[in-house]
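Visitor: Per this note's numbering, residue 362 is the first one in the sequence shown, and the count goes up by one each step.
Even for Gly, the Cβ is constructed at its ideal location relative to N, Cα and C.
Keep in mind the model is a prediction, meaning the values are calculated, not measured.
Quick one: this structure, given as structure tokens, is what I'll be asking you about.
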Amino acid sequence: MKVGYRKRESNYCPLREEGEYQLITYTFEKTDLTKEGIEQLFQSVEWESASYPEDLYQAIMNSHSVATAWDGDRLVGLANALSDDSMAVYFHYVLTDPAYQGCGIGKTIMNMMLDRYEDMHTKVLVSYPKAVGFYETLGFQPEQTSTPMYVFSR
């Protein structure tokens, strides 16, 4: 799937030249993913996961699905899914390079994922507070009767 984006007044989508369309390519293919590209994308959003590039690369490559967005050969957006292939899917990482935020990339890759897993009974993600509104526009709702819990490495 290829989608062009034009700079809008309300955002700062990078353009090759003023007035030109920027072509963003979307795919589920993992073949072009590199450890360096994934690390750079995670560094762009200042996520701690970028501190573990080898583990992060393996986590992404071992995911059930990975939707990516590319500006040429630059990885600018990514969402991954973990699934039991029957009842539930968990979207663990969803991120867009800050230089490309506001271009619809996050929405496009999440819609790709939601389309792929439309038959799953349960679709789960954990959101940072500032992103809750974004996920609500995609149909996600805060769960009122449960609390996400974690055990981090000791």
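1) State the start and end residues of the unbroken alpha helix (DSSP H) segment that holds Y496.
2) Have a look at E409 and A449 and give me their C-alpha separation to the nearest angstrom.
3) Taking the runs of the beta strand (DSSP E) that are 3 residues or longer, which of them lie wholly in the segment 382-432?
4) Helix, strand or coil: which one does DSSP assign to G438?
5) Count the other CB atoms within 10 Å of the CB of L439; is the residue buried (16 or more) or exposed (fewer)?
6) How about L486 and V406: are their beta carbons less than 7 angstroms apart?
7) Per DSSP, what kind of secondary structure is Y478 in: helix, strand or coil?
8) Would you list the residues sitting across from Y451 in a DSSP beta bridge?
9) Consult DSSP for T457 and reduce its assignment to one of helix, strand or coil.
10) Relative to the alpha-carbon of G467, which residue among Y496, A442, Y413 and G433 has its alpha-carbon at the smallest distance?
11) Does the Cβ of N441 have 16 or more other Cβ atoms within 10 Å, making it buried, or fewer, making it exposed?
12) In its own chain, which residues sit with a C-beta less than 8 angstroms from the C-beta of P459, not counting the 5 before and 5 after it?
Guide: Looking at the atomic coordinates:
1) Within the sequence shown, numbered from 1, the residue matching residue 496 stands at position 135. Counting along the chain, the alpha helix (DSSP H) containing Y496 begins and ends at V493 to T498.
2) Translated into positions along the sequence shown, residue 409 becomes position 48. Translated into positions along the sequence shown, residue 449 becomes position 88. So the alpha carbons of these two residues sit roughly 26 angstroms apart.
3) The DSSP assignment places complete beta strand (DSSP E) segments of no fewer than 3 residues inside the segment 382-432 at 383-388 and 426-432, in order along the chain.
4) Along the sequence shown, one-based indexing puts residue 438 at 77. Of the three classes helix, strand and coil, the one that applies to G438 here is strand, per DSSP.
5) Along the sequence shown, one-based indexing puts residue 439 at 78. The residue is buried, with at least 16 neighbouring Cβ atoms inside 10 Å.
6) Position 125 of the sequence shown, counted from the start, is the residue given in the question as residue 486. Position 45 of the sequence shown, counted from the start, is the residue given in the question as residue 406. With contacts defined by Cβ atoms closer than 7 angstroms, L486 and V406 do not form a contacting pair.
7) Counting from 1 along the sequence shown, the entry for residue 478 is found at position 117. If DSSP states are grouped into helix, strand and coil, Y478 belongs with coil.
8) Sequence index remark: in the sequence shown, residue 451 carries index 90 (1-based). Answer is L443 and V485, bridged to Y451.
9) For this step, residue 457 is matched to residue 96 along the sequence shown. Residue state, collapsed to three classes: strand.
10) Indexing the sequence shown from 1 puts residue 467 at position 106. Its Cα nearest to that of G467, the residue Y496 stands out among Y496, A442, Y413 and G433.
11) Position 80 of the sequence shown holds residue 441. For N441, the number of other beta carbons within 10 angstroms of its own is at least 16, and it is reported as buried.
12) Along the sequence shown, one-based indexing puts residue 459 at 98. For P459, where only same-chain residues beyond five positions count, the Cβ hits under 8 angstroms are S405 and V406.
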